[in-house]
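In the numbering used here, the protein residues as written are 1038 to 1178.
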């Protein structure tokens, strides 16, 4: 048991997280919805919090820049038992003025499970954000 606790602190057998979105293509002003799945590891662990960050990646002049454009708190502190599974609803409304995806600009969600006295676990989900006008012209024919 002690070995499992020590191993989970460095990430081996630790709790992990997976954000499942109902699609990957969104428009400005639309509400993104999904479910965060949290899976318990080999030992009980205390979760300090669960956050989902929206990160914009920009490539300019052969340089990659990452900028966190939103931090969405999904859950506060809780415990998760070995092999337990929890589901937490997730939603975020994209501002109507949000810059859309394009070559050189992309977006991803980073779901971060902050684990007490252990390595945080992450999940990455790439999304594409299109202008609202694009959707209106394509889908209102």
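Think of the CB as a built atom: it goes at the ideal place given N, C-alpha and C, for glycine as much as any other residue.
> Which residue spans inside the segment 1051 to 1114 form an unbroken beta strand (DSSP E) run of at least 3?
Replying inline: 1053 to 1058, 1062 to 1064, 1068 to 1076, 1082 to 1097 and 1100 to 1112
> Taking the runs of the beta strand (DSSP E) that are 3 residues or longer, which of them lie wholly in the segment 1121 to 1164?
Replying inline: 1122 to 1130 and 1142 to 1152
> residue 1057 to residue 1082, Cα distance in whole Å?
Replying inline: 22 Å
> Considering only residues of the same chain and omitting the five flanking positions on each side of residue 1095, which have a CB-CB separation below 6 Å?
Replying inline: 1102 and 1142
> Tell me which same chain residues have a C-beta within less than 7 Å of the C-beta of residue 1093, skipping the five on either side of it?
Replying inline: 1104, 1106, 1142 and 1144
>> Is it buried or exposed, residue 1158, if we count other Cβ atoms within 10 angstroms and call 16 or more buried?
In response: buried
>> With three or more beta-carbon pairs closer than 8 Å as the criterion, would you say the segment 1112 to 1120 touches the segment 1161 to 1168?
In response: no
> Can you check whether the CB of residue 1127 is closer than 8 Å to the CB of residue 1065?
Replying inline: no
> In chain order, what residues of the same chain have a beta carbon less than 6 Å from the beta carbon of residue 1077, not counting five sequence neighbours either side?
Replying inline: 1052, 1117, 1118, 1119, 1120 and 1121
> So which of 1068, 1108, 1139 and 1168 has the shortest CA-CA distance to residue 1150?
Replying inline: Residue 1150 has its Cα closest to that of 1108, out of 1068, 1108, 1139 and 1168.
>> Between the alpha carbons of residue 1090 and residue 1148, how many angstroms are there, rounded?
In response: 6 Å
> Apart from the five residues just before and just after residue 1112, which ones in its own chain have a Cβ nearer than 6 Å to its Cβ?
Replying inline: 1087 and 1125
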